[in-house]
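Peer 1:
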């Protein structure tokens, strides 16, 4: 084994110091520009942070593919959900006329919208793919209100960084960052293939995030909460038992 | 005992003096960078393979085109039980779901293998590794010479001492296919399954989202066959010496 020369020791020391300070600066910058996901801890945190940061840098404004009418799946698959409780069935029996979407948190005008109110807002219709983390996909035409429109309507404060959305199925809550929430294709959807959104597919209201996997597209949403911090929600991982708390990545753009 | 080492003579501290052996030559074989990137690739590939199998179990059906789900006819099905009750497999039971950590580890390993690959390819081009060690000699590519090499492999002939120093023509061609065809294709088809990445680079070129998944599966199969033959060849050529060459960088020649 060679003896280390003084020059080698100094060079190595300087390189190590530079690397450590470089990483520290990178970490500070990443936090500042929102490139650190809530599940950045643990043994898989490094890979997850790289994925999220890379996707945010490269695809912040990119549009999900939109397809032609002829590509709409004739046999879309509705992933089974836990049994819908009595409360849901009461809403269903009344045709969801009294279903409300409550909006609260870091906003200036707390609000609550019925499905018909949401339908009176400017709508967007898009033919996009939904893909499950298991590997299967289907294409459908979705109609809904761009989430950005709702965020604007309620006067979302500039310091809000995430939108937490909750379902009537309490375990199925999730959240997305502002880049995804303000993306033009992110919809609070109420229509599918030209008809009302069927219950197995998430009707009356489903969060449609076409640039993320199926599990971020929570069915039966009832409440939106704007926040700058995900720590107080559940275990602080950004999504509930159908997402991060079950060991799945919070960011599901991959 | 005296050992020749790259033109220098060194005195061996090994206790092999009792064996009636001639002077052995120890030659440098693989560079430090080749060895480090080789073992990093081995580790990441194994992690990717195990987690990839695990993810496949949640939907062991493959399709061609953009869409595919249990309501559609698959291209083929792997006859194994699934980790999802929604997949009809014919087996009466459902395997436990391990997709959460499998996905985390899959993508973390993908980052490592992609980074390692970039480093290796940069070194290969600029350090002369590809030109020196992987580019086959023009004379070796004649049908006669190729035929001889194929016949030698098919007879499982133990390679000549010469081959401990450099790769034979079939080895060179196979490595080139793995490095410049399989790895780029498996990375691209993997990324093509990411809904966010698809917003940047559509999977249309690959035949669609499900086609990308199916190609990803077949390239994995090809790489597993490559791995098995690679290990078999190492055993045939002398496991200890070849492993030593890839770990310490030196090879012993009688």
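Residue numbers (this note's numbering), protein chains in the order written: chain F, 377 to 630; chain R, 37 to 290.
Heads up, the beta-carbon is just placed ideally off N, CA and C, and yes, glycines get one too.
Predicted model only: the values in this text are computed from it and were never measured.
(1) First and last residue of the alpha helix (DSSP H) that includes residue 530 (chain F)?
(2) Any beta carbon from chain R within less than 8 angstroms of residue 441 (chain F)'s own beta carbon?
(3) Please tell me whether residue 285 (chain R) and residue 64 (chain R) are closer than 8 angstroms, where the distance is taken between their beta carbons.
(4) For residue 482 (chain F) and residue 583 (chain F), which I take to be in contact (beta-carbon distance under 8 angstroms), what is that distance rounded to the nearest angstrom?
(5) Chain F beta carbons: is any one of them nearer than 8 angstroms to that of residue 143 (chain R)?
(6) Here's the rule I'm using: 16 or more other beta-carbon atoms within 10 Å means buried, otherwise exposed. How should residue 129 (chain R) be labelled?
(7) On the criterion of 16 or more Cβ atoms from any shown chain inside 10 Å, does residue 50 (chain R) qualify as buried, or is it exposed?
(8) If I follow the unbroken beta strand (DSSP E) through residue 502 (chain F), where does it start and stop?
(9) Alpha carbon to alpha carbon, how far is residue 144 (chain R) from residue 559 (chain F)? Give it in angstroms, no decimals.
(10) For my contact list, residue 513 (chain F) and residue 105 (chain R) are in at a C-beta cut-off of 8 angstroms; report their separation, rounded to the angstrom.
(11) For residue 520 (chain F) and chain R, any beta-carbon pair shorter than 8 angstroms?
(12) Would residue 95 (chain R) and residue 578 (chain F) qualify as a contact pair, given that the criterion is a beta-carbon distance under 8 angstroms?
(13) DSSP three-state label for residue 62 (chain R), please.
(14) Grab the span of the beta strand (DSSP E) containing residue 487 (chain F) for me, first residue to last.
(15) Could you check the C-alpha separation between residue 406 (chain F) and residue 459 (chain F) for me, to the nearest Å?
(16) Below 9 angstroms on C-beta distance, what does residue 456 (chain F) contact in chain R?
(17) By how many angstroms is the C-alpha of residue 111 (chain R) removed from the C-alpha of residue 181 (chain R)?
(18) First and last residue of the beta strand (DSSP E) that includes residue 518 (chain F)?
(19) Is there contact here, the region 167-185 of chain R with the region 113-129 of chain R, by at least three beta-carbon pairs under 8 angstroms?
(20) Can you list, in chain order, the residues of the region 569-589 of chain F whose Cβ is nearer than 8 angstroms to any Cβ on chain C?
(21) Pull the bridge partners of residue 603 (chain F) from the DSSP assignment, please.
(22) Chain F partners of residue 232 (chain R), CB-CB under 8 angstroms?
(23) Under a three-way DSSP split, which group does residue 474 (chain F) fall into?
(24) Under 8 angstroms, with one C-beta from each stretch per pair, do the region 486-505 of chain F and the region 444-451 of chain F reach the 3-pair mark?
(25) Taking 8 angstroms as the cut-off, decide whether the C-beta atoms of residue 101 (chain R) and residue 235 (chain R) are in contact.
(26) When the Cβ atoms of the region 536-551 of chain F are set against those of the region 606-624 of chain F, are three or more pairs found closer than 8 angstroms?
(27) Throw me the rounded Cβ distance for the residue 430 (chain F) and residue 140 (chain R) pair, which I believe falls under 8 angstroms.
(28) Within 8 angstroms, do at least three Cβ pairs link the region 590-600 of chain F to the region 613-628 of chain F?
(29) Taking buried to mean at least 16 other C-beta atoms within 10 Å of its own C-beta, is residue 433 (chain F) buried or exposed?
(30) Check the Cβ-Cβ distances between residue 90 (chain R) and every residue of chain F, and say whether any is below 8 angstroms.
(31) Please name the residue, chosen from R:219, R:230, R:146, R:124, that lies closest to residue 86 (chain R) on a Cα-to-Cα basis.
(32) Based on Cα-Cα distance, which residue from F:401, F:622, F:531, F:397 lies nearest to residue 550 (chain F)?
(33) By how many angstroms is the C-alpha of residue 148 (chain R) removed from the C-alpha of residue 162 (chain R)?
(34) I'd like to confirm the pairing. Which residues does DSSP put opposite residue 289 (chain R) in its beta bridges?
(35) Which first and last residues belong to the beta strand (DSSP E) in which residue 566 (chain F) is found?
(36) Kindly list the residues whose CB is nearer than 8 angstroms to the CB of residue 272 (chain R), restricted to its own chain and excluding five residues on each side of it in sequence; keep chain order.
Peer 2: Reading from the atomic positions:
(1) From DSSP, residue 530 (chain F) is part of no alpha helix (DSSP H); its letter is neither H nor E.
(2) yes
(3) yes
(4) About 18 angstroms separates the two Cβ atoms, so there is no contact after all.
(5) yes
(6) Exposed: under 16 other Cβ atoms inside 10 Å.
(7) Note that residue 50 (chain R) has pLDDT 45, beneath the 50 cutoff, so the model's placement of it is unreliable and the number below is only indicative. So residue 50 (chain R) counts as exposed.
(8) 500-507
(9) Rounded to the nearest whole angstrom, the CA to CA distance from residue 559 (chain F) to residue 144 (chain R) is 27 angstroms.
(10) Contact holds; Cβ gap of about 7 angstroms.
(11) no
(12) no
(13) strand
(14) 487-490
(15) 41 angstroms
(16) The contacting residues are 121, 122.
(17) 40 angstroms
(18) 513-522
(19) In this structure the region 167-185 of chain R does not lie against the region 113-129 of chain R, because fewer than three pairs of beta carbons, one per stretch, are closer than 8 angstroms.
(20) In the structure shown, chain C does not exist; the protein chains are F and R.
(21) Paired residues: F:538.
(22) 431, 435, 438, 587, 588, 629, 630
(23) coil
(24) yes
(25) no
(26) yes
(27) The pair is not a contact, with the Cβ atoms about 15 angstroms apart (cut-off 8 angstroms).
(28) yes
(29) exposed
(30) no
(31) R:146
(32) F:622
(33) One C-alpha to the other measures close to 21 angstroms.
(34) R:61
(35) Its beta strand (DSSP E) spans residues 563-568.
(36) 192, 194, 195
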